[in-house]
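K.L.:
I have a structure I would like to understand better, so I am pasting it below and will then ask my questions one at a time.
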Ligand code: ABF
């Protein structure tokens with residue numbers, strides 16, 4: 018079974034958590050694109066969605082699903098999103114698609130975070146296979162880069178990428194994250210950092226993993 022088929026399987030399984038008459042929080046990325054396609058079948062049962070990226074907003078509208086802004090809702094029942102890495106404690110690295118800030122904002126609105134991944138995303142230690150994305154105010158790029166080096170990482174400027182918020186991304190290589198909660202807090206406190214891609218303070222509540230043997234649900 019190829020990776021896309023596993024992503025589709027996880028995305029399809031997430032539909033069981035969508036309640037009628039609710040507004041659904043929707044993340045971004047290729048696994049979420051599969052979820053948006055599947056959610057199209059429920060478009061008449063839900064009120065609409067809040068999306069974490071402009072790309073997801075467009076896809077939702079194409080499915081005939083109404084898109085609300087995060088300012089229009091006080092809370093969401095669920096938020097469905099992918100991840101670049103997820104550990105056994107349901108903590109994640111996200112931001113490979115540069116939408117991490119909006120993803121953190123919409124996730125914070127939701128009562129339940131449902132993470133949909135294929136099995137290649139499961140790791141024991143965050144940062145072991147994927148560089149950690151950090152969204153930075155452009156004028157602080159060099160100074161934040163030096164701080165990341167002092168913390169032990171090897172930051173690289175993601176050339177040609179401007180986030181939906183007009184900022185830049187530094188990807189931190191060689192950066193195994195042994196204490197994700199502490200590192201998320203540390204990076205949150207660096208001047209010029211808008212958001213870091215560690216989702217540990219608010220991890221996932223339910224993880225749906227697509228595998229060649231079928232879908233595994235971790236609650
Ligand atoms: C988003 O989708 C991002 O935070 C993460 O980078 C990405 C996962 O990518 P994909 O679903 O395309 O593998 O949730």
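In the working numbering, the protein residues as written are 18 to 236. The beta carbon of each residue, even a glycine, is placed where N, CA and C say it ideally should be.
#1: Could you spell out the range, first to last residue, of the beta strand (DSSP E) harbouring residue 149?
#2: By Cβ distance, which residues of its chain are closer than 7 Å to residue 27, with the 5 residues on each side in sequence left out?
#3: How should residue 145 be labelled, buried or exposed, when 16 other C-beta atoms within 10 angstroms of its C-beta is the threshold for buried?
#4: In chain order, what are the residue ranges of uninterrupted beta strand (DSSP E) at least 3 long that sit wholly in the region 27 to 84?
#5: Mind listing, in chain order, the continuous beta strand (DSSP E) runs of no fewer than 3 residues lying wholly within the region 120 to 148?
#6: Since residue 109 sits in a beta bridge, which residues does DSSP pair it with?
#7: Should residue 49 be counted as a contact of ligand 1 given a C-beta to heavy atom distance under 7 Å?
#8: According to DSSP, simplified to helix, strand and coil, what is residue 228?
#9: Per DSSP, residue 8 forms a beta bridge with which residues?
#10: Assuming residue 161 contacts residue 193 (C-beta within less than 8 Å), just tell me the rounded distance between them.
#11: Starting from residue 210, follow its DSSP beta bridges and name the residues at the other end.
P.N.:
Reading off the structure:
#1: 149 to 153
#2: 48, 133, 134, 135, 225, 226, 227 and 232
#3: exposed
#4: 40 to 43 and 65 to 68
#5: Listed in chain order, the complete beta strand (DSSP E) runs (minimum 3 residues) inside the region 120 to 148 are 127 to 135.
#6: 103 and 216
#7: yes
#8: strand
#9: There is no way to answer for residue 8, as the model of the chain reaches only from 18 to 236.
#10: Going by Cβ atoms, the distance from residue 161 to residue 193 rounds to 20 Å, so no, they are not a contact pair.
#11: 153.
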